[in-house]
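Chains as they are written, first to last, in my numbering: chain A, 3 to 442; chain B, 2 to 463.
Written below as structure tokens is the structure these notes are about.
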Amino acid sequence: MAKKSLLLICGLIFMTAMLQGTFKKEDIKVHQLENGLKIIFYEDHKIPNISYYTFFRVGSRHERPGLTGVSHFIEHMMFNGTQKFGPGEFDRLMEFYGGSNNAYTSEDLTAYTDWFPPHALEKMMEMEADRMQGLIFDPEVFESERGVVASERRMGVENNNEAILHENVRATAIMAHPYHWDVIGWMSDILSWRREEVMQYYRTYYAPNNAVLVVVGDFDSQKTLELIKKYYSIIPAQSPPPPVSTTEPPQMGRKEVVIKKEAQTPSFIVVYHAPRCQDPDFFALSILEKPLLRGESSRLYRRLVRDEQLAISVFGGIEERIDPYLFTIEIKPRPGVDLDKIEKILDEELDKIIEKGLTEQEYQKALNIIRSDFYFSLQTSSGKANLLGMAELLFGSYENLFTIVDRYSAVKREEIPGIAKKYFTQLNKTVGKLIPQGGN
Amino acid sequence: MTRIKAIIFLLIFILPVLAMATVKLPQPEKITLPNGLTVYFLKNPELPLVSFRILIPGAGSAFEPRDLDGLASLTATLLLKGTKTMSAEEIAEALDFMGARLFISDAEEYASVYGECLSEHLPRLFRIAADCLISPAFSEDEYKKELTRKIDGLKAIKDNPGQALRQYFRKAYFGEHPFSHLSAGTDSSLQKMSLAEIKKFYSIRYRPDTSILAVVGDVDKDRLLEILNSSLGNWPRPATPPPTATVPPLPSPKGKKLILVDKPDATQTYFALGAAGFPLGDKISPKANLMNTLWGGRFTSWLNTELRIKRGLTYGAGSNFQSWKTGGLFMATSYTKNDKIGEMLDITFELLKKARTQGFSPEEVESARNYILGQFPQTLETNSSKAYAYLRIVYYGLGFDYFDRHLNEISTAKAEELKATAVRLLPDKDFVLVAVGKAEEVRKLLSKYGQFQEKKITDPDF
């Protein structure tokens, strides 16, 4: 059951000058309550359903040692009871009203995603507003949910070779910044979070002034705004959370991490430090990643999977993060191949881009992929709600969804080699290997 | 709590009157091409996108020759790896350049093609899809590459306990029935594989006159016909009659079949419990849908409530019914720490018994009904989901009013009918139970259920 999971946020793609169809900036309505809650509306009456997305500006980026994983844990606890609605009532009532939901936590944000028929709107709003301020953290439920998260970590990381390697590579490449640890947190922290500290964290970050509400679908904006005022305006604002001030120092040489574990197949990951998503270079690297490793026509797939037959699959790229994060290249090697040879080929392919850049065909291909991905994700109300929220939280404003296109088309093909050279250096690189051990 | 009950009481009487607004699947237009290919079309100009799907009956894994698991899957994969006029690289480059999607895959009863692109690229995408279906090259070189990838893939599956469980379960449950064929293949089937058999399978089983195409999106009918005439319209209809595409009735377990797969590095044990279901379109289907929603089909289901919400034993637990033409399958799955697997299974069996002996309350039935009706509109939201619904409705002979009838029956089902459904469908003594975990730690905990046949994950095959 994929619920309340650590979803990786799908690539948020801005390609808007070419926007066709009915989704327009003028049709989006925005409001802000006095307590700071920002609301973004888009009415879409195509199907009798509403996507109701609540975004909080909190993720593993805001955590510290001892409290790692706590943002994700609170995501779980948000379903476990307030003064008004007992443990589990949120889910029971929501499903009774015909609704379903999910939630995800990333490094930068936490999102609560509800989908329900229009008649459930007021009840859902009442429950969402309620859990923005009234979680009780019942001690017994707290312990039970700790077990669920421990199980999630065992499933998602410890029984998953790629995930365990990724966690090690991340922690090796990123030394100082809180992106050092995975969103799920370290097991010893999961097993020892203290209730009082978790409640303090909740009070600080789950405040209306730290939240954005995005509503897309079959509703009336005016009536809905009145309801929102009724349920949310009574929630007091809190002092703004402290800023995340740690900056990752520049890496000073190639790093390598090797894991030895019972397995039938090896795993291999290479990462480079990469810019934050609001940096102009982000868009260039996002274009570059497509001909490099996206799809069977990409350079790395052709070379590693087809021609030299060293790998089963290739994927990765740059991810949207508030602070500088990583450009990841994840290779699934064939059993028994020489991992150093794979690394050498990666270097050669990146050097080719640094020297000669992309071909015109590759550059156009990247822009086409960006455009079609964008439309595919606009097909559903939930897709629109997610894009609006991500634009607001990661790129500064929902309006960027309709204007940032210039930032993609502003990247000139000739600039790409220079930008590649800046990031794809030996000094900036961390390599991770999982080497199967006997015992089989 | 009393307040909540009052709310629920009110709702039970008011909600049905509110008559949940729901969506109807729009009726598509039917067109038959001269080569016999049946086309269902719906125009949707909302976004500049078009989706299409093709269902090719009889080209699925159930029709593979015995002991050649993975042949239908390899056939589907190789169709995109080169034609008489385009190399595999050229196909990949053309698709990626458009930002388009084109996949061919195998299910048990059929193969299916899935395509999606910006409207402006539709002619080119259909030309490529047609070329792949009509003139595949099946080169020795590409065959070897794909076969090697498949062999390596088997090892990766065994590193992932959840994936490994699905393979072991399918083999254990279906036994000698052709639904036991694994798309991933097995070590021995891939050793016996041959390109000649793949070519033979393709030439007999891929044909336009039994296939169904659904197209939904931003294209006019005339334009679509023009595009089809110069693409899939050229797919020649064979002179020979279509081969048999019927599957024998699905097996029903008699007694208990218990299998333990030893994965020495596993920190958790994964289990799958299976029993007989029902064929698609069977009249029990709406009631089974409601019953399963309550038992294991949603977050607040009995199973997830007991295993996850109350006890924190697992991240997730669930159950479902899968249905095909000649039968179906009920399956419940979850996972927990090795030392908790006994407790987890005890609870699972208690809940099965409770559903059969006590059934469900009217309030629960009401909740399941609202849930299914409330979630339904999203399942038909995209072009591709509509195209998929058309194909399945036509292939299984359900009628375009299928969803209306199904939802109508869901609206009127009674609690006592759900108990009867549980008695008929939830397993008591006849089931297949497969567990993947660290045998040393779980062997003793499992022994109370009977004698498990043990397998080692490192042994060949599943």
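All residues carry an ideal CB built from backbone N, CA and C; glycine is no exception.
Whose C-alpha, out of the options, is nearest the C-alpha of residue i?
i	options	result
E298/A	F284/A, F317/A, F285/A	F317/A
D325/A	S108/A, S411/A, S73/A, P50/A	S108/A
F331/B	I213/B, S286/B, L155/B, A157/B	S286/B
T275/B	K288/B, L259/B, Y397/B, L233/B	Sequence check: residue 275/B is Gly here, not Thr. Residue L259/B is the option with its Cα nearest to G275/B.
I138/A	D191/A, P244/A, V200/A, A387/A	V200/A
F75/A	W188/A, P120/A, K27/A	W188/A
K355/B	S195/B, Y391/B, L295/B	L295/B
I192/A	G38/A, S73/A, E345/A	S73/A
K367/A	D405/B, M345/B, E94/B	E94/B
V443/B	E121/B, T337/B, P252/B, L229/B	T337/B
R265/A	N45/B, L155/B, A131/B	In the sequence as displayed, the identity of residue 265/A is Ala instead of Arg. Here the closest residue by C-alpha is L155/B.
I320/A	H275/A, L352/A, D309/A, R304/A	H275/A
R409/A	L369/A, L380/A, M392/A, N388/A	L369/A
T247/B	G282/B, K257/B, P58/B, D160/B	P58/B
F81/A	M129/A, T405/A, R336/A	M129/A
I230/A	P244/A, P243/A, P210/A	P210/A
R238/B	R102/B, P209/B, A197/B, K159/B	P209/B
R125/B	A101/B, A318/B, K146/B	A101/B
S52/B	A130/B, A89/B, V24/B, L81/B	A130/B
With which residues is residue i paired in a DSSP beta bridge?
i	result
M332/B	G275/B, N321/B
E45/A	G219/A
Y54/A	D116/A, V217/A
K44/B	G218/B
L259/B	L434/B
G116/B	F53/B, L103/B
Y106/A	A113/A
I332/A	Before going further, note that residue 332/A is Glu rather than Ile in the sequence given. Per DSSP, I271/A, F317/A.
K86/A	Note: K86/A sits in no beta bridge, so no partner.
L137/A	T84/A
Can you round the beta-carbon distance between residue i and residue j to whole angstroms, since I take them to be within the 8 Å contact cut?
i	j	result
I310/B	G90/A	6 Å
F42/B	I55/B	About 13 Å; that fails the 8 Å criterion.
Y271/B	L166/B	5 Å
L214/B	L119/B	With 8 Å as the limit, L214/B and L119/B do not qualify as a contact, their Cβ atoms being about 19 Å apart.
L111/A	F57/A	6 Å
G434/A	I271/A	4 Å
I437/A	P252/A	Actually they are not in contact, since the Cβ atoms of I437/A and P252/A sit about 29 Å apart, beyond 8 Å.
G298/B	S320/B	6 Å
Y450/B	L291/B	Their Cβ separation, rounded to whole angstroms, is 29 Å, which puts Y450/B and L291/B out of contact at 8 Å.
L35/A	Y234/A	6 Å
L392/B	G328/B	Not quite, the Cβ-Cβ distance comes to about 20 Å (not below 8 Å), so this is no contact.
L447/B	A436/B	6 Å
E310/A	I347/A	7 Å
To which residues of the same chain is residue i closer than 6 Å at the C-beta, ignoring the five residues directly before and after it?
i	result
V315/A	The question names Val, but residue 315/A in the sequence shown is Ser. Once the five neighbours on either side are set aside, the close Cβ partners of S315/A are K334.
A267/B	P162, G438, K439
I421/A	D283, A286
Y115/B	R54, F104
T76/B	I199, F202, Y203
P179/B	A63
Excluding five sequence neighbours on each side, which residues of the same chain lie with their C-beta closer than 7 Å to the C-beta of residue i?
i	result
V273/A	V171, A175, L328, F329, T330, T432
Q28/B	F401
D232/A	Contrary to the premise, residue 232/A reads as Lys rather than Asp in this sequence. Cβ within range, chain order: n/a, list empty.
E91/B	none
M254/A	L429
F432/B	P254, K257, L274, G275, A276
K443/A	Examination of residue 443/A is not possible in this model, given that chain A is present from 3 through 442 alone.
Using a Cβ-Cβ cutoff of less than 8 Å, which residues in the same chain neighbour residue i once the five nearest sequence positions on both sides are dropped?
i	result
S136/B	T84, K85, T86
E47/B	D219
D222/A	E45
Does residue i have its Cβ less than 8 Å from a Cβ in chain D?
i	result
C118/B	Protein chains A and B are contained in the structure displayed, whereas chain D is not.
Report the residue ranges of all beta strand (DSSP E) runs contained in full by the segment 247 to 293 of chain A; include only those spanning at least 3 residues, in chain order. The segment 247 to 293 of chain A contains these whole beta strand (DSSP E) runs: 257 to 264, 269 to 276.
Minimum length 4: unbroken alpha helix (DSSP H) runs contained in the segment 61 to 101 of chain B: 72 to 80, 89 to 99
At 3 residues or longer, and completely inside the segment 137 to 198 of chain B: list those beta strand (DSSP E) runs for me, N to C. none
Counting only runs of 4+ residues fully inside the segment 397 to 441 of chain A, write out the alpha helix (DSSP H) ranges in chain order. 402 to 405, 407 to 411, 418 to 425
What are the complete beta strand (DSSP E) segments, minimum 3 residues, inside the segment 160 to 233 of chain A? Listed in chain order, the beta strand (DSSP E) runs fully inside the segment 160 to 233 of chain A are 213 to 219, counting runs of at least 3 residues.
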